[in-house]
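> Following this note's numbering, the numbering of the sequence shown begins with 2 at its first residue and continues without gaps. Heads up, the beta-carbon is just placed ideally off N, CA and C, and yes, glycines get one too.
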Amino acid sequence: RDGKWDWAVQREAPLTTGAPYTVPISVEGIREPLGVLSLTVTYDPTVLRAVNVVQGTHMQQGGVTTTFAPKIHAATGRVDIAIARPFDRPGATGNAVIAAVAFEAVRSGTSPVTVQGVLTTTTGQSIPVQMVSGSVTVK
Numbered sequence: 002r003d004g005k006w007d008w009a010v011q012r013e014a015p016l017t018t019g020a021p022y023t024v025p026i027s028v029e030g031i032r033e034p035l036g037v038l039s040l041t042v043t044y045d046p047t048v049l050r051a052v053n054v055v056q057g058t059h060m061q062q063g064g065v066t067t068t069f070a071p072k073i074h075a076a077t078g079r080v081d082i083a084i085a086r087p088f089d090r091p092g093a094t095g096n097a098v099i100a101a102v103a104f105e106a107v108r109s110g111t112s113p114v115t116v117q118g119v120l121t122t123t124t125g126q127s128i129p130v131q132m133v134s135g136s137v138t139v140k
């Protein structure tokens, strides 16, 4: 295993209905230069509503302008995120936040939150990664 996604969805206290909750998605332990990533976040749309996706600073290392393409599929409880660095620039390395998804609590319940994704180097080589999932509880 070369690295892992860290999906920081653990909370000490449950959310209340209508409350906002931003979940950072970070990467750690990646040894290869990261050039492109594509990930899908899934959740229960009857409990949570994704309202925004923002890019973290990790893929912008060295002042690089990235291609950032988030898409929220609110009805199905899915967020797709694609980020690419220019291929003529070195890949991003180290540990940092890749993106963050802002949710709104819709109703009481517990929503699993999973992340699946593919990472590649600037030369198109796959980077092995372990995904870490979690859950959010709304009171």
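Okay, do the region 130-139 and the region 96-103 touch, 3+ Cβ pairs below 8 Å being the bar?
Using a Cβ-Cβ distance cut-off of 8 Å, the region 130-139 and the region 96-103 are not in contact, since fewer than three pairs of beta carbons, one from each stretch, lie closer than that value.
> Quick one: grab the DSSP three-state call for Gly-63.
When DSSP states are grouped into helix, strand and coil, Gly-63 belongs to the helix group.
> Spell out the partners DSSP gives Pro-21 in its beta bridges.
Glu-105
> Following the continuous beta strand (DSSP E) through Arg-90, name the residue where it begins and the one where it ends.
From DSSP, Arg-90 is part of no beta strand (DSSP E); its letter is neither H nor E.
> Should Asp-7 be labelled buried (16 or more other beta-carbon atoms within 10 Å of its own) or exposed?
With a pLDDT of only 48 at Asp-7, under 50, the local geometry of the prediction cannot be trusted, and the value read off the model is given with reservation. Looking at its Cβ environment, which holds 16 or more other Cβ atoms inside 10 Å, Asp-7 is buried.
> Residues in the same chain with beta-carbon distance under 7 Å from Arg-2, minus the five sequence neighbours each way, listed in chain order, please.
Below a pLDDT of 50, predicted positions are generally treated as unreliable, and Arg-2, at 42, falls in that range; no measurement from the model is reported.
> Using only CA atoms, which one of His-74, Phe-88, Leu-16, Ile-26 lies nearest to Val-133?
Ile-26
> Run the CB neighbour count on Ala-67, radius 10 Å, all protein chains shown included, and call it buried at 16 or more, exposed below.
At residue 67 the sequence reads Thr, which differs from the Ala that was named. Classification of Thr-67: buried, given that the 10 Å Cβ count is 16 or more.
> In this structure, how does DSSP classify Glu-29 when only helix, strand and coil are distinguished?
strand
> Relative to the alpha-carbon of Asn-53, which residue among Val-42, Gln-61, Pro-87 has its alpha-carbon at the smallest distance?
Measuring from the Cα of Asn-53, the nearest candidate turns out to be Val-42.
> By alpha-carbon positions, which one of Gly-92, Asp-45, Asn-96, Ser-109 ends up nearest to Gly-78?
Asp-45
> Report the CB separation of Arg-32 from Val-107 in whole angstroms; it is logged as a contact under 8 Å.
Contact flag wrong, Cβ pair sits at about 39 Å.
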